[in-house]
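K.L.:
Okay, handing you the structure first.
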Ligand code: FAD
Ligand code: NAP
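Residue numbers (our numbering): 2 to 355.
The structure is reproduced here in structure tokens:
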């Protein structure tokens, strides 16, 4: 393993937070993971794994070892010898592969299932961690299994998708931080059925291609998603951000009805029969935060869920703003927002208290 010292993590996180790692190493294979594990045990130092750095906030210099996941091979199926028509194929991808590149390549190979998840930044290995989702599709819809390296025991094992405890932006991996995902296996469809339940996708397909959404090809769905996202979401290369800073809160039926009486136009979607998902962006927007700027941080002008930094902002400044927004939403709506990105101080993960 190629150990480096006092490395700036600014290029490794999309908020461009300039903190340092005492030790830094790129992980190219399982031998590297094994060697790094022994080093951390010997030195008794904390460790942190970073992928694309698009879903984390680093608030201090990291006192231990930061690993950057560089295992990035993809194994597409070889041409089937059978003449039987197939309705799916499986692809195996290592954790460090770029997520959106995988989406693009899967469509070029005639497979569908990932197109709604186009343009999500980050690596393949982080996708199961929060069960990435967009426009009505989640990773769990195509995931078959995950290869895990347990940093505590040094053992590797396979976890089937049904055992990953997937939920809304949630999985078992958030509860087992010593589990490093090294590879995933996806089942992609060769019988495309467009997922166009989010109205904006159908409308954009129509505008861009003239096609009726129900007949849209996977590439047409991807083009629509890219079009919408590019217009609304800041590209971290230009404006540092980690996407949505808060999850959409889930509330009871009665709470939603009370809020809807007080706040006409409340944006809520039914989940099952008794619960509703509120659009957190709408709540924050109502309180006037959209476009807010103070010092080096602010709220994006087109999407109130996205907190942005100037490029020289600190993690603390970002979290102070998040806390003010969270307190404001709690006071006005009686709803507690939950932070989506993972927060790290000098020794490991922590959680934002109000
Ligand atoms: P990182 O930020 O590097 O890591 C995130 C967490 O996962 C950390 O705790 C890290 O330790 C852990 N982790 C990383 N790799 C591994 C691994 N191999 N094994 C175990 N743990 C690991 N998310 C969505 O769900 N939907 C969206 O539509 C979406 N849109 C976004 C748009 C923008 C502009 C941005 C900036 C972010 C968006 N995100 C979205 C959030 C983010 O891109 C995803 O959560 C992504 O999967 C994070 O990948 P990453 O490689 O950058 O993870
Ligand atoms: P949007 O279209 O403005 O919609 C606002 C919220 O309403 C979304 O968060 C979405 O919930 C929900 N919603 C909209 N239409 C819905 C429907 N037909 N059924 C159920 N829920 C519906 O959202 P946006 O901010 O532009 O984001 C578009 C998509 O990309 C969303 O799915 C969002 O989750 C995803 N995204 C995620 C991140 C991130 O960092 N996590 C960043 C950008 C975009 P859901 O979030 O549950 O889909």
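For glycine and all other residues, C-beta sits at the position ideal for the given N, C-alpha and C.
All figures in this text were calculated on a predicted structure; none of them were measured in a lab.
Can you give the Cα-Cα distance for residue 159 and residue 185, rounded to whole angstroms?
P.N.:
In a straight line, the C-alpha of residue 159 is about 9 Å away from that of residue 185.
K.L.:
Residue 100 lies in the alpha helix (DSSP H); which residues open and close that run?
P.N.:
100-109
K.L.:
Cβ of residue 288 within 8 Å of Cβ of residue 308?
P.N.:
no
K.L.:
Any beta carbon of chain C sitting closer than 8 Å to that of residue 130?
P.N.:
Among the protein chains of the structure shown there is no chain C, as only one such chain exists.
K.L.:
Kindly give me the distance between the Cβ atoms of residue 144 and residue 187, rounded to whole angstroms, as I take these residues to be in contact under 8 Å.
P.N.:
6 Å
K.L.:
Tell me where the alpha helix (DSSP H) around residue 228 begins and ends.
P.N.:
219-233
K.L.:
How about residue 268: is its Cβ closer than 7 Å to a heavy atom in ligand 2?
P.N.:
yes
K.L.:
Hey, quick one: how far does the beta strand (DSSP E) through residue 299 stretch, first residue to last?
P.N.:
298-300
K.L.:
State yes or no: is the C-beta of residue 334 within less than 8 Å of the C-beta of residue 189?
P.N.:
no
K.L.:
Is residue 26 helix, strand or coil by DSSP?
P.N.:
strand
K.L.:
So what does residue 151 bridge to, in DSSP terms?
P.N.:
According to DSSP, which records beta bridges pairwise, residue 151 is partnered with 180.
K.L.:
Roughly how far, in whole angstroms, is the beta-carbon of residue 174 from the beta-carbon of residue 34, given that I think they are within contact range, below 8 Å?
P.N.:
16 Å between Cβ atoms; not a contact.
K.L.:
Just to confirm, is the Cβ distance from residue 57 to residue 343 under 8 Å?
P.N.:
yes
K.L.:
Looking at residue 170 and ligand 1, is the gap between the Cβ and the nearest heavy atom below 7 Å?
P.N.:
At least one heavy atom of ligand 1 is nearer than 7 Å to the Cβ of residue 170, so yes.
K.L.:
Are there any heavy atoms of ligand 1 lying less than 7 Å away from the beta-carbon of residue 94, as far as the coordinates show?
P.N.:
Checking the Cβ of residue 94 against ligand 1 gives no.
K.L.:
Could you have a look at residue 291 and say whether DSSP puts it in helix, strand or coil?
P.N.:
coil
K.L.:
Within the segment 37-88, note down every full alpha helix (DSSP H) run reaching 4 residues or more, in order along the chain.
P.N.:
none
K.L.:
Let's see if you can read the secondary structure: which residues bound the alpha helix (DSSP H) around residue 200?
P.N.:
200-210
K.L.:
Among the residues of its own chain, which have a CB less than 6 Å from the CB of residue 97, if the five just before and after it don't count?
P.N.:
70, 71, 72, 73 and 124
K.L.:
Taking Cβ positions, are residue 88 and residue 21 nearer each other than 8 Å?
P.N.:
Remark: C-beta atoms of residue 88 and residue 21 do not approach each other more closely than 8 Å.
K.L.:
How about residue 14: is its Cβ closer than 7 Å to a heavy atom in ligand 2?
P.N.:
no
K.L.:
For the candidate residues 180, 193 and 112, whose alpha-carbon lies nearest to that of residue 155?
P.N.:
180
K.L.:
Closest to residue 275 by CA distance: which of 183, 269, 253 and 50 is it?
P.N.:
253
K.L.:
By the three-class DSSP mapping on this structure, what secondary structure does residue 324 have?
P.N.:
In the three-state DSSP reduction, residue 324 falls in the helix class (H, G or I).
K.L.:
Measuring CB to CB, does residue 242 end up less than 8 Å from residue 66?
P.N.:
no
K.L.:
Which class does residue 353 belong to by DSSP, given the choice of helix, strand or coil?
P.N.:
coil
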